[in-house]
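Note that our numbering has the sequence shown beginning at 1, numbered continuously upward. In this text, a Cβ means the ideal position worked out from N, Cα and C, and glycines have one as well. Note that the structure is predicted; figures quoted are calculated from it, not measured. For reference, the structure is listed below as structure tokens.
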Amino acid sequence: MRRTGQPPGADVSMLKIKGTEIQQALAELMMQAADPAQRRVRRGTGRRYLSMRKTTIYAGSNEIQRNIIAKMTLGL
């Protein structure tokens, strides 16, 4: 609930989607930048990458967030 007593709008769902997409893109870039010859660095980066993939789950799957946006903007 917002301070106004109104439920959150579609903008909150859009921010969740964008946030998880940015986190995943950064994790993918870290994987690409990791030197394959440095096993320890690559292993740690791989763990971080896999950990970042779960953000779409705990933030509410992006598909669900998109449905919320559609319902709110279309008034369904």
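Residue j beta carbon less than 8 Å from that of residue i
i: Gln24; j: Arg53; result: yes
i: Ala10; j: Ile68; result: yes
i: Ile17; j: Asn62; result: yes
Contact belief for residue i with residue j at Cβ below 8 Å, rounded distance in angstroms
i: Met30; j: Tyr49; result: 7 Å
i: Thr20; j: Thr55; result: 4 Å
With 16 other Cβ atoms within 10 Å as the buried cut-off, status of residue i
i: Ala27; result: buried
i: Ser13; result: buried
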